[in-house]
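The sequence shown begins at 149 in the numbering used here and counts up by one. Notes to accompany the following structure.
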Amino acid sequence: MTDPTTNPTESNPKPYQRLRNLVLALVAVLLSATLVWGLQTETGVSSLETQAAQATPLEVALNNGKPTLMEFYANWCTSCQAMAKDLGEVKADYGNQVNFAMLNVDNTKWLPEVLRYRVDGIPHFVYFNSQGEAIAQTIGEQPKSVLKADLEALIAQQTLPYANQTGKVSAFQAKVKPQSGEDPRSHGGS
Numbered sequence: 149m150t151d152p153t154t155n156p157t158e159s160n161p162k163p164y165q166r167l168r169n170l171v172l173a174l175v176a177v178l179l180s181a182t183l184v185w186g187l188q189t190e191t192g193v194s195s196l197e198t199q200a201a202q203a204t205p206l207e208v209a210l211n212n213g214k215p216t217l218m219e220f221y222a223n224w225c226t227s228c229q230a231m232a233k234d235l236g237e238v239k240a241d242y243g244n245q246v247n248f249a250m251l252n253v254d255n256t257k258w259l260p261e262v263l264r265y266r267v268d269g270i271p272h273f274v275y276f277n278s279q280g281e282a283i284a285q286t287i288g289e290q291p292k293s294v295l296k297a298d299l300e301a302l303i304a305q306q307t308l309p310y311a312n313q314t315g316k317v318s319a320f321q322a323k324v325k326p327q328s329g330e331d332p333r334s335h336g337g338s
């Protein structure tokens, strides 16, 4: 005789219940794996924050005898975000031959560089030779093929084929103005 307080299906589940439990377990595993992969992708090499954290400090980049690509960017910049994946791939390909320095325009620490290189749209790239001298600039979104061609020319110490080009930019105005009242871009002129 069976005990009326126990459910016979609890101790001996039917085959369809086992299959259902197995499917639920597999779905849970797949969803977990997808979530983990998604989080890793979002914080991977292509994110601006990750790239900035891995960038060569400007002082080191301009003094270590390697050519440098300096990028002015901001986390809110849609053009910067659009280029992040391609730039991450380019940095992975050329990181042993070229320094990659990233300067966030929202950080007032970089105001002298923002003014020196006349940053009024981002992304803004400045190319430096191995002696730390600025030799070219580009502004705005650049296709990966253009970046690669310019970096290969930079490494070979040749004229950059796509330098001084302007692509799509995000407008930028410095939050802080020079205190002297004179624009350092005027070079003392009126």
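Every residue, glycine too, gets a C-beta built ideally from N, C-alpha and C.
Alpha-carbon spacing of residue i relative to residue j, whole angstroms
i, j, result
"M231", "Q199", "12 Å"
"K296", "V238", "7 Å"
"E343", "L170", "Any property of residue 343 remains undetermined from this structure, which presents the chain solely from 149 to 338."
"I303", "W224", "31 Å"
"R266", "L179", "48 Å"
"A301", "N312", "14 Å"
"L259", "Q305", "29 Å"
"L196", "V175", "33 Å"
"E281", "D241", "23 Å"
"P215", "F273", "13 Å"
"L129", "I283", "The chain is shown only over 149 to 338; residue 129 falls outside these bounds and no answer can be derived."
"D254", "S227", "15 Å"
"Y310", "R168", "60 Å"
"L172", "R166", "10 Å"
"G243", "V177", "37 Å"
"E261", "N212", "19 Å"
"K162", "P291", "59 Å"
"L263", "L308", "23 Å"
"T256", "A222", "12 Å"
"Q245", "D268", "29 Å"
Bridge partners - residue i, DSSP secondary structure assignment
i, result
"A249", "M218"
"A282", "F276"
Minimum C-alpha distance to residue i - residue among the options
i, options, result
"I270", "I287, Q279, A282", "I287"
"D234", "S293, P309, P163, A301", "S293"
"S210", "S278, T226, A311", "Residue identity differs from the one stated: residue 210 is Leu in this sequence, not Ser. The shortest Cα separation from L210 among S278, T226, A311 belongs to S278."
"F276", "T256, D268, D298, P291", "D298"
"A201", "V262, G236, Y164, N244", "G236"
"Q229", "P309, E289, Q245", "E289"
So, does the region 249 to 256 touch the region 203 to 214, judging by three or more C-beta pairs under 8 Å? yes
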